[in-house]
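Structure first, commentary second.
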Amino acid sequence: MAVSHSEIRDVLFRYLEHYRYPPEANQLIRLVRALDEGHDVTSCTEYRIGHVTIGGIAVDRDLRVLLVRHTEPERWLTPSGPLDPRDVSLVGASLRELERQTGIRARDITSSPDEQSAPFDIDVRSVPATNDVPEHVRFDFRYAHWVDEADVRPLIGDSARLSWLPAEELHPCGLKSKLSAVGVG
Numbered sequence: 001m002a003v004s005h006s007e008i009r010d011v012l013f014r015y016l017e018h019y020r021y022p023p024e025a026n027q028l029i030r031l032v033r034a035l036d037e038g039h040d041v042t043s044c045t046e047y048r049i050g051h052v053t054i055g056g057i058a059v060d061r062d063l064r065v066l067l068v069r070h071t072e073p074e075r076w077l078t079p080s081g082p083l084d085p086r087d088v089s090l091v092g093a094s095l096r097e098l099e100r101q102t103g104i105r106a107r108d109i110t111s112s113p114d115e116q117s118a119p120f121d122i123d124v125r126s127v128p129a130t131n132d133v134p135e136h137v138r139f140d141f142r143y144a145h146w147v148d149e150a151d152v153r154p155l156i157g158d159s160a161r162l163s164w165l166p167a168e169e170l171h172p173c174g175l176k177s178k179l180s181a182v183g184v185g
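Using UniProt numbering, the first residue of the sequence shown is number 1, and each one after it goes up by one.
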């Protein structure tokens, strides 16, 4: 059973109840409207309104965050990607995406949010157009997962694509302060 629009709505409203970053709240109104109007925000081909993606952020005992080197655009990003029709929860989807991009399995996680938790961040990002995909918006629901870095054995072939960065060096808008709110950094 896929992640439902009602779960996304419930999690979104739990997040907004505890929201500490009012300038971004206005950007999330677009997602609230899309859900109210019945748009399929779980489809990665919903470009007019935007779509929900999921992020799994690995944090180690030294308060470092695992980043993945992407080629398009070429930069270090936190692991995230589209929802899968087989995902049954947003937290579960974040674990799947973390494993897909880093090889970190659920059993490597020492502490994770429960299924009812709101994410520590919902990143609203404009994605530039490519040859076959128009410019669109992603609403990236990000969950933090604590790992014992010494136990992590990435499954992907090229581990040079992965790098641990101290939380205090994170540059994405507000990510450092949002992680601080959940005890990182």
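Here a beta-carbon is modelled for each residue, glycine too, at the ideal position from N, C-alpha and C. These numbers come from a predicted model, not from an experiment.
- Straight-line spacing of the CA atoms in residue 135 and residue 146 works out to 33 angstroms.
- Our two residues, residue 38 and residue 137, have alpha carbons roughly 17 angstroms apart in a direct line.
- Taking 4 residues as the minimum length, the stretch 32 to 58 contains no alpha helix (DSSP H) run wholly inside it.
- Pairing residue 79 with residue 68 gives a Cβ-Cβ distance under 7 angstroms.
- At the C-beta level, residue 54 and residue 93 come within 7 angstroms of one another.
- Short of 6 angstroms from the beta carbon of residue 144, and not among the five residues preceding or following it, lie these beta carbons of its own chain, in chain order: 57, 59, 120, 182.
- If you draw a straight line from the Cα of residue 88 to the Cα of residue 62, it is about 31 angstroms long.
- Sequence-distant Cβ neighbours of residue 113 in its own chain, meaning closer than 6 angstroms and more than five residues away, are 91, 143.
- If you draw a straight line from the Cα of residue 47 to the Cα of residue 111, it comes to about 34 angstroms.
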